[in-house]
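Data block below; observations after.
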Amino acid sequence: MKRAQENHIIQDLHKKMVFLVGPRQAGKTYLAKRIAKVFKQATYLNYDSHKDRTIIQQEAWLNDTELLILDELHKMPDWKNYLKGVYDTKPEHLKILVAGSARLEVYREIGDSLAGRYFLHHLLPFSPAELHTLKQDYTLDQLMNRGGFPEPYLSDSDTDAERWRLQYTESLVRSDILDFKSINNLRAIQQVFERLRHRVGSTLSYQSIAEDVGASPITIKKYIEIFEALYIVFRVTPFSNNIARSLLKEPKVYFFDTGLVEGDDGARFENLVANSLLKACYVARDTKAKDFKLHYIRTKDKREVDFALCLNNKIEQLMEAKLSQTDIDKNLVHFAQKYELNALQLVKNIKKEYQQKNIRCLDAKHYLENLDL
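For the working numbering, count along the sequence shown from 1 and bump the result up by 76.
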């Protein structure tokens with residue numbers, strides 16, 4: 077199946093290197109190999125392969141290679157300087173695509189060594205917008221329960237999808253995390269992982285989880301940062317004009333795989349909306365240079381709105397996710413008036429769309445399918 081950003085990546089390859097990042101098994105390798113078919117001579121090398129590793133280290137790919145795909149290269153010691161050398165000395169005809177399952181924070185460690193030499197693209201699980209673009213039939217329930225990762229989403233049965241998820245989760249915790257960082261207490265990090273599955277959409281207290289697990293809040297925060305670095309979860313922080321202060325406040329945590337969410341359909345639906353909004357932010361940044369970020373709103377008196385889409389640290393849109401049709405949320409009304417903004421209440425099981433002053437109550441599926449920032 078074609079992915080939505082395929083053409084963007086092909087265009088960018090003719091300008092600079094492209095870094096393709098995203099969760100494990102989100103389809104990066106599949107997409108890279110699809111793109112390879114556009115070129116007469118493409119070479120795919122995976123650093124996890126012993127044979128490929130030797131070719132990478134010796135730079136022994138064929139001279140007529142037009143597209144060089146380097147998968148999981150970030151696992152190579154001093155890979156940044158290695159890649160800089162390859163790029164700076166490559167022949168004019170050679171295009172380079174680097175794929176990996178580590179988050180942008182890993183690449184930010186590059187510093188100046190690769191500055192100006194690459195474009196970044198995020199490949200996330202399927203969203204309503206991407207499935208709509210690709211003219212795929214689906215339901216929100218299917219995405220909520222199976223998640224948007226290609227294999228479980230396209231699976232012939234719910235049982236096979238769940239078998240994939242069990243293996244995927246086991247591999248994440250026991251392999252990917254241990255490869256990424258040295259972890260002394262595997263049991264503790266597994267416990268944190270399970271607790272996060274039950275706390276989707278709730279403000280997260282590192283102290284509370286620390287008391288449950290028997291570790292320090294600093295350790296809990298470190299574990300969650302590892303989950304985030306490997307695209308297992310993402311944090312949504314409360315909006316503040318002071319960015320540093322916002323990062324210190326309690327975040328909410330969502331999973332890239334909606335199928336990992338434990339709880340009622342309300343939590344799964346909120347996670348689905350969060351995924352869709354985050355993905356739209358990434359697409360806007362990767363392809364349009366629009367610096368959208370996803371936050372939520374919360375005040376000292378505990379008034380809260382699920383999501384705030386922000387551009388250049390200014391709120392552009394307030395959103396509340398609701399499973400079933402109800403009156404407009406009173407907190408959404410409060411903040412829409414306070415910030416003098418239009419706001420949306422996205423409803424999964426909607427009977428009728430309507431507008432109340434500057435707030436629209438919309439069908440969630442239709443809105444998310446047409447989401448374009």
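Backbone N, C-alpha and C fix where the C-beta goes; we use that ideal spot for every residue, glycine too.
CA-CA distance, Gln-243 and Val-309? 17 Å
Ser-400 and Tyr-307 - do their beta-carbons sit closer together than 8 Å? no
If I measure Cβ to Cβ from Val-349 and keep anything under 8 Å in the same chain, skipping five residues before and after, which residues do I get? Asp-382, Phe-383, Met-395, Ala-397, Leu-422, Ala-440, Leu-444
Under 8 Å, do Leu-199 and Leu-96 count as touching if we go by C-beta distance? yes
Mind pulling the beta strand (DSSP E) runs of 3 or more residues that sit fully within the stretch 168-243? 171-176, 194-198
Using a Cβ-Cβ cut-off of 7 Å (strictly less than) and excluding sequence neighbours within five positions of Asp-140, which residues of its own chain qualify? Gln-117
Thr-130, DSSP secondary structure in three states: helix
Suppose you measure from the CA of Leu-450 to the CA of His-208; what does that come to, to the nearest Å? The structure shown does not extend to residue 450, since the chain is modelled only from 77 through 449, so no value can be given for it.
My output table needs one value for Val-359: the three-state DSSP class, helix, strand or coil. helix
Of the residues Leu-138, Ile-145, Glu-135, the one placed nearest Tyr-106, counting alpha carbons only: Ile-145
Which residue or residues does DSSP assign as beta-bridge partners of Val-97? Gly-176, His-198
Can you give me the start and stop residues for the alpha helix (DSSP H) that Ile-285 sits inside? 282-289
Close-in-space but distant-in-sequence residues of the same chain around Leu-180 (CB under 6 Å, 5 per side omitted): Because the pLDDT at Leu-180 is just 42, under 50, the model does not fix this residue reliably, and the value given afterwards should be weighed accordingly. Hits under 6 Å: none found.
Counting Cβ pairs closer than 8 Å, one from the stretch 82-96 and one from the stretch 159-173, do we hit at least three? yes
When DSSP labels each residue in this structure, what does Ile-435 get in the three-state scheme? strand
Does DSSP put Pro-314 in a helix, in a strand, or in coil? strand
In whole angstroms, give me the CA-to-CA distance for Lys-109 and Tyr-120. 8 Å
Helix, strand or coil: how does DSSP classify Thr-426 here? For the record, residue 426 in the displayed sequence is Ile; it is not Thr. In the structure shown, Ile-426 sits in coil (DSSP, three-state: anything other than H, G, I, E or B).
Cβ pair Ile-294, Ile-253 closer than 8 Å: no
Tell me whether Ile-285 is buried or exposed, calling it buried when 16 or more other Cβ atoms sit within 10 Å of its Cβ. buried
Cβ pair Ser-278, Lys-328 closer than 8 Å: yes
Let me confirm a value: Ile-404 is counted as buried when at least 16 other C-beta atoms fall within 10 Å, else exposed. Which label applies? buried
Same chain only: Cβ atoms within 6 Å of Arg-79, ignoring 5 sequence neighbours per side: Leu-107
Collapsed DSSP secondary structure at Arg-344 in the structure displayed: helix
Looking only at its own chain, which residues have a Cβ that is under 6 Å from the Cβ of Ala-419, when we skip the five neighbours before and after it? Leu-394, Leu-408, Ala-412, Ile-435
In three-state DSSP terms, what is Asn-139? coil
Best match in Gly-103, Lys-390, Trp-240, Pro-201 for proximity to Asp-367 [C-alpha to C-alpha]: Lys-390
Pick from Gln-212, Gln-133, Asp-234 that is closest to Arg-222, judged by C-alpha positions: Asp-234
Using a Cβ-Cβ cutoff of less than 6 Å, which residues in the same chain neighbour Leu-89 once the five nearest sequence positions on both sides are dropped? Lys-171
Grab me the residues of Lys-104's own chain with a C-beta within less than 7 Å of its C-beta, minus the 5 sequence neighbours each way, in chain order. Leu-96, Gly-98, Ala-175, Leu-199
In chain order, what residues of the same chain have a beta carbon less than 6 Å from the beta carbon of His-84, not counting five sequence neighbours either side? Thr-363
Range of the contiguous alpha helix (DSSP H) that encloses Glu-445: 440-445
Using a threshold of 8 Å, state whether the C-beta atoms of Lys-151 and Leu-190 are closer than that. no
Through-space distance from Leu-387 to Ala-291, alpha-carbon basis: 37 Å
Gln-87 by DSSP, collapsed to three states: which one? helix
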